[in-house]
Amino acid sequence: MKSGIDIQHLRVGQSYSKDVVITSERVELFAKASGDFNPLHLDDEFARSTRFGQRVAHGMLTGGIVGGILGTEFPGHGTIYLSQDIKFLRPVFIDDVLTIKLEINEVIIDKNRLVLTTEVSNQRGEKVAVGTARVLPPVSE
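Now the structure itself:
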């Protein structure tokens, strides 16, 4: 397996973007993995009776997708996810297409750390989550 991008090849302002579809299956698998079986996420009838009128994806599913991108795509394999400050701005619904944007704000060479802005928007261009991630990018061999 190829290693991700090491700190020597990362710069402030570098960015990465990816679109992800929030499927019912993805929400159900996250419920099983997390143990969060809130009917707002899984039961159409219950969700219709809420202020959202439909099922809402788990907030941390969005955070988990950000983590997945950090660990496998940018900076990639070998990255260690240290922390994520995240603010949820809007609900994410089944079949929403999310655009995840990551941008490097700070490169701390001596500690092999990156600080990145994380921004997630839906298909209407509405921000659904924003935050800051701190990671250890992979070390070159």
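Numbers given in this note's numbering equal positions in the sequence shown, counted from 1, plus 586.
For every residue, glycine included, the Cβ atom is placed at its ideal position computed from N, Cα and C.
Note that this is a predicted model, so its numbers are computed, not measured.
| Item | Value |
| --- | --- |
| Span of the beta strand (DSSP E), counted from its first residue to its last, around T685 | 683 to 694 |
| Beta carbon of I655 nearer than 8 Å to that of G717 | no |
| Residue burial classification, V683 (beta-carbon count within 10 angstroms, cutoff 16) | exposed |
| Contact between the segment 654 to 669 and the segment 702 to 720 (3+ Cβ pairs under 8 Å) | yes |
| Given G650 as reference, the closest of Y667, S603, R641 once Cα atoms are compared | Y667 |
| Residue nearest to Q709 in terms of C-alpha spacing, selected from L596, A619, E692, K604 | K604 |
| Run of the beta strand (DSSP E) containing A719, from where it starts to where it stops | 713 to 722 |
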